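**Student:** Just dropping this structure here.
Numbering (the UniProt record's numbering), first residue to last: 1 to 557.
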């Protein structure tokens with residue numbers, strides 16, 4: 001089945017949240033980001049008449065409705081990656097794998113062409129009313145010019161999102177991933193996915209990967225890295241290098257399930273030593289989508305980290321650490337949580353600067369807080385099932401040597417969240433600790449504290465801010481079982497308490513919005529066939545979240 005046989009299709013990509021490591025990532029500490037089950041959707045339909053060569057885009061979330069004749073685009077300025085003239089793109093799905101690999105490699109050094117950006121600016125700017133609309137159109141047509149060609153039949157593209165736009169949840173990256181996937185599908189540069197559930201990474205990162213890490217971003221803290229890096233000036237810190245995730249010298253030791261041990265940290269350090277490029281995901285289709293999405297993010301943000309589009313493309317969860325370390329967390333468990341959008345605006349740059357000022361004033365104390373956040377991220381990395389575990393595996397210590405684990409054969413000597421309720425409880429504790437550390441950095445807000453306070457009163461789980469703080473969103477990881485009988489809310493069921501949580505926050509006084517979501521779900525997906533083909537554009541826009549998620553989604557393996 002080739003893309004030419006897909007008259008109507010839909011693509012979707014997930015948003016993301018930072019679970020652990022906000023703000024500390026600016027100081028070269030690790031952080032963990034995971035995909036949300038809230039997604040952006042792009043519905044692609046051919047025009048009714050073959051002679052209708054007008055490209056149409058509808059994006060109601062930003063008040064955008066736009067159309068442009070294909071012939072009016074500045075095709076003459078575009079140099080294709082393979083030096084072929086327009087109209088000479090791959091024409092069969094059988095060659096998609098080879099062409100995808102070659103194109104992905106060429107994309108590594110592709111930057112925005114200022115001549116094309118300037119020409120598109122002249123076309124688009126007079127027809128938009130705000131920066132959101134302009135950025136959405138610039139990304140759309142820049143990618144369309146480079147991926148498609150003048151012979152590509154014109155289509156109508158309708159965008160809908162169940163993800164709050166502009167809330168620090170990676171909505172722009174999901175849009176870029178959807179655009180890239182749609183255009184690559186139209187031009188038959190991708191295989192048609194057949195996997196019904198998100199597959200694991202097709203291979204483990206290799207030594208070759210490590211030697212070919214591309215420095216594709218100057219910042220690696222997702223939304224937090226919109227300012228130049230801040231480098232600590234202390235010659236020493238209160239934390240010992242023996243238990244850092246960035247390459248300490250630790251030998252395996254006897255362990256228990258109650259604590260994350262030195263051996264566990266050594267495993268984490270060994271995993272960090274086997275890094276892969278932030279844009280190389282080990283799958284030709286994913287790589288091609290992800291790298292074009294990164295170009296789209298450049299249109300939207302100028303200098304993106306590469307993390308948001310990577311999570312939106314691959315799904316699951318990743319640990320990242322600047323300047324270019326990314327570890328896909330292949331055993332990340334699905335975690336149910338509540339996402340509360342306070343809708344309070346905040347500027348990421350201001351909050352990063354606030355922490356910078358605190359660091360300059362109280363270097364030693366602030367460094368200790370950042371080190372503590374690093375340790376919390378370390379322990380969460382292990383609890384969330386970051387490493388492989390087999391009965392015959394060898395344990396790689398931080399020095400790079402392989403030593404068989406004589407006692408248990410486990411590369412990861414603690415139970416993970418997917419295996420132990422106690423591990424879930426420890427994860428809840430880490431969320432509480434991480435939020436407290438962020439509060440001590442001065443990046444919380446009364447509205448975020450209200451979410452946490454009400455959640456604590458009702459004993460529904462542990463809450464922390466996510467992203468830059470100062471407003472924006474909070475996440476609440478739910479308890480795995482009911483609360484103890486000595487709590488004031490023991491008589492209420494968890495459903496009743498969740499209803500009360502919503503009632504206190506989703507009202508005219510507070511105006512918050514609460515989403516039930518799952519972390520670590522699938523990445524970019526494609527839906528085809530009768531379940532998507534019979535909708536009008538207005539009908540598609542009227543579909544609710546459950547209906548959209550109910551499509552027969554397939555993912556690239």
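Note that CB positions come from ideal geometry on N, CA and C, so glycine has one too. Given the structure is predicted, the values throughout are model-derived calculations rather than measurements.
(1) Can you check whether the CB of residue 468 is closer than 8 Å to the CB of residue 168?
(2) Less than 8 Å between the C-beta atoms of residue 116 and residue 137, yes or no?
(3) Can you tell me which residues form a DSSP beta bridge with residue 20?
(4) Applying the 10 Å Cβ sphere with the 16-neighbour rule, what's the burial state of residue 50?
(5) Less than 8 Å between C-beta atoms, sequence neighbours within five positions excluded: which residues of the same chain meet that for residue 518?
(6) Under a three-way DSSP split, which group does residue 517 fall into?
(7) Since residue 142 and residue 313 should fall inside the 8 Å C-beta cutoff, what is the C-beta to C-beta distance between them, to a whole number of angstroms?
(8) Alpha carbon to alpha carbon, what distance is there between residue 351 and residue 31?
(9) Using C-beta distances below 6 Å, list every residue in its chain close to residue 178, excluding the 5 sequence neighbours before and after it, in chain order.
(10) For the beta strand (DSSP E) that residue 309 lies in, which residues bound it at each end?
(11) Three-state secondary structure (DSSP) at residue 509?
(12) What number of angstroms, rounded off, separates the C-alpha of residue 28 from the C-alpha of residue 355?
(13) Smallest Cα separation from residue 46: which of 289, 316, 535?
(14) Excluding the five sequence neighbours on either side, which residues of its own chain have a C-beta within less than 7 Å of the C-beta of residue 134, listed in chain order?
(15) Since residue 541 contacts residue 158 with CB under 8 Å, what's their CB separation in whole angstroms?
(16) So, at 8 Å on beta carbons, what are the nonlocal neighbours of residue 7 in its own chain, with the 5 sequence-adjacent residues on each side left out?
(17) Looking at C-beta atoms only, is the number of pairs between the region 438-450 and the region 339-348 that lie closer than 8 Å three or more?
(18) Is it buried or exposed for residue 550, if we count other Cβ within 10 angstroms and need 16 for buried?
(19) Under the rule that 16 or more other beta-carbon atoms within 10 Å means buried, what is residue 509, buried or exposed?
(20) Please determine, among 48, 527, 70, 476, the residue with the shortest C-alpha to C-alpha distance to residue 54.
(21) Please state the DSSP three-state secondary structure of residue 11.
(22) Could you tell me which residues DSSP puts in a beta bridge with residue 461?
(23) Would you kindly work out how many angstroms separate the C-alpha atoms of residue 515 and residue 529, rounded to a whole number?
(24) What span of residues does the beta strand (DSSP E) with residue 340 cover, start to end?
(25) Going by C-alpha distance, which of 67, 176, 365, 152 is nearest residue 139?
(26) Taking 7 Å as the limit between beta carbons, can you name the residues of its chain near residue 154, skipping five residues before and five after?
(27) Please state whether DSSP places residue 155 in a helix, a strand or coil.
(28) Just the Cα atoms here: how many angstroms apart are residue 17 and residue 304?
(29) Using CA coordinates, which residue listed in 172, 377, 368, 331 is at the minimum distance from residue 309?
(30) Distance check for residue 365 and residue 315, CA to CA, integer angstroms please.
(31) Helix or strand or just coil, what does DSSP make of residue 536?
(32) If the criterion is Cβ atoms closer than 8 Å, does the pair residue 34 and residue 317 meet it?
(33) Check whether the Cβ atoms of residue 443 and residue 472 sit closer than 8 Å, and answer yes or no.
(34) Quick one: grab the DSSP three-state call for residue 473.
(35) Would you mind reading off the limits of the alpha helix (DSSP H) that contains residue 139?
(36) Where are the beta strand (DSSP E) runs, 3 residues long or more, that stay fully inside the region 36-73, in chain order?
**Tutor:** If we stick to the structure as given:
(1) As a position in the chain shown, residue 168 is number 168, starting the count at 1. As a position in the chain shown, residue 468 is number 468, starting the count at 1. By the CB criterion at 8 Å, residue 168 and residue 468 fall inside the cutoff.
(2) Walking along the chain shown from the start, residue 116 turns up at place 116. Walking along the chain shown from the start, residue 137 turns up at place 137. Not closer than 8 Å, so no.
(3) Mapped onto the chain shown, residue 20 falls at position 20. Answer is 32.
(4) Here the question's residue 50 lines up with position 50 in the chain shown. When all chains shown are included, residue 50 counts as exposed.
(5) The residue given as residue 518 occupies position 518 in the chain shown. Once the five neighbours on either side are set aside, the close Cβ partners of residue 518 are 36, 37, 334, 335, 336, 337.
(6) Taking the chain shown and counting its residues from 1, the one referred to as residue 517 is at position 517. The DSSP-derived three-state label of residue 517 is strand.
(7) Sequence index remark: in the chain shown, residue 142 carries index 142 (1-based). Sequence index remark: in the chain shown, residue 313 carries index 313 (1-based). With a Cβ gap of about 18 Å, residue 142 and residue 313 do not count as contacting.
(8) Here the question's residue 31 lines up with position 31 in the chain shown. Here the question's residue 351 lines up with position 351 in the chain shown. Answer to the nearest angstrom: the Cα atoms are 17 Å apart.
(9) Within the chain shown, residue 178 is the residue found at index 178, counting from 1. Within the same chain, Cβ atoms closer than 6 Å to the Cβ of residue 178 are found at 11, 13, 40, 42, the five residues on either side in sequence being excluded.
(10) Within the chain shown, the letter at position 309 stands for residue 309. Judged by DSSP secondary structure, residue 309 falls outside any beta strand (DSSP E) and instead within the alpha helix (DSSP H) spanning 307-314.
(11) One-based indexing of the chain shown puts residue 509 at position 509. If DSSP states are grouped into helix, strand and coil, residue 509 belongs with coil.
(12) In the chain shown, counting from the first residue as 1, residue 28 sits at position 28. In the chain shown, counting from the first residue as 1, residue 355 sits at position 355. Between residue 28 and residue 355, the C-alpha separation is close to 14 Å.
(13) As a position in the chain shown, residue 46 is number 46, starting the count at 1. Per the Cα distances, 535.
(14) On the chain shown, position 134 is the one that residue 134 refers to. For residue 134, where only same-chain residues beyond five positions count, the Cβ hits under 7 Å are 124, 125, 128.
(15) Start at 1 with the first residue of the chain shown, and residue 541 comes out as number 541. Start at 1 with the first residue of the chain shown, and residue 158 comes out as number 158. Indeed they touch by this definition, with Cβ atoms about 7 Å apart.
(16) Position 7 of the chain shown, counted from the start, is the residue given in the question as residue 7. Taking C-beta separations shorter than 8 Å and ignoring five residues to either side along the sequence, the partners of residue 7 in its chain run 45, 46, 533, following chain order.
(17) Yes: the two stretches touch, three or more of their Cβ pairs being nearer than 8 Å.
(18) Locating residue 550 in the chain shown gives position 550, where the first residue counts as 1. Around the beta carbon of residue 550, a 10 Å sphere encloses fewer than 16 other beta carbons of the protein chains shown; the residue is thus reported as exposed.
(19) As a first step, residue 509 must be located in the chain shown, where it is residue number 509. With fewer than 16 Cβ atoms within 10 Å of its Cβ, residue 509 is classed as exposed.
(20) Within the chain shown, numbered from 1, the residue matching residue 54 stands at position 54. Of all alpha-carbon atoms in 48, 527, 70, 476, the one lying nearest the alpha-carbon of residue 54 is that of 70.
(21) Position 11 of the chain shown, counted from the first residue, corresponds to residue 11. When DSSP states are grouped into helix, strand and coil, residue 11 belongs to the strand group.
(22) Translated into positions along the chain shown, residue 461 becomes position 461. According to DSSP, which records beta bridges pairwise, residue 461 is partnered with 478.
(23) For the purposes of this step, residue 515 is taken as residue 515 along the chain shown, with counting starting at 1. For the purposes of this step, residue 529 is taken as residue 529 along the chain shown, with counting starting at 1. Note on geometry: alpha-carbon atoms of residue 515 and residue 529 lie some 29 Å from one another.
(24) The residue given as residue 340 occupies position 340 in the chain shown. Segment 335-341, the beta strand (DSSP E) holding residue 340.
(25) The count along the chain shown starts at 1 and reaches residue 139 at position 139. Selection 67, 176, 365, 152 evaluated against residue 139 yields 176 as nearest (Cα-Cα).
(26) Position 154 of the chain shown, counting from 1, holds the residue named residue 154. Annotation for residue 154: 47, 52, 53, 54, 55, 70 place their beta carbon closer than 7 Å to its own, counting only its chain and skipping 5 residues before and after.
(27) Locating residue 155 in the chain shown gives position 155, counting from the first residue. Here DSSP, grouped into helix, strand and coil, assigns residue 155 to strand.
(28) If you number the chain shown from 1, residue 17 lands on position 17. If you number the chain shown from 1, residue 304 lands on position 304. Linking residue 17 to residue 304 through their CA atoms gives a straight-line distance of about 16 Å.
(29) By 1-based counting over the chain shown, the position of residue 309 is 309. Ranking the options by Cα distance to residue 309, first place goes to 172.
(30) Your numbering for residue 315 matches position 315 in the chain shown. Your numbering for residue 365 matches position 365 in the chain shown. Distance between the alpha carbons of residue 315 and residue 365 is about 36 Å.
(31) Start at 1 with the first residue of the chain shown, and residue 536 comes out as number 536. Three-state DSSP puts residue 536 in coil, outside helix and strand.
(32) On the chain shown, position 34 is the one that residue 34 refers to. On the chain shown, position 317 is the one that residue 317 refers to. Their beta carbons are under 8 Å apart, which means residue 34 touches residue 317 by this criterion.
(33) The residue labelled residue 443 in the question sits at position 443 within the chain shown. The residue labelled residue 472 in the question sits at position 472 within the chain shown. No. Outside cutoff.
(34) Along the chain shown, one-based indexing puts residue 473 at 473. In this structure, DSSP gives residue 473 an extended state, which the three-state scheme calls strand.
(35) Your numbering for residue 139 matches position 139 in the chain shown. 131-147 is the span of the alpha helix (DSSP H), which, as asked, contains residue 139.
(36) Counting whole runs of 3 or more residues, the region 36-73 contains the beta strand (DSSP E) stretches 54-59, 64-69.
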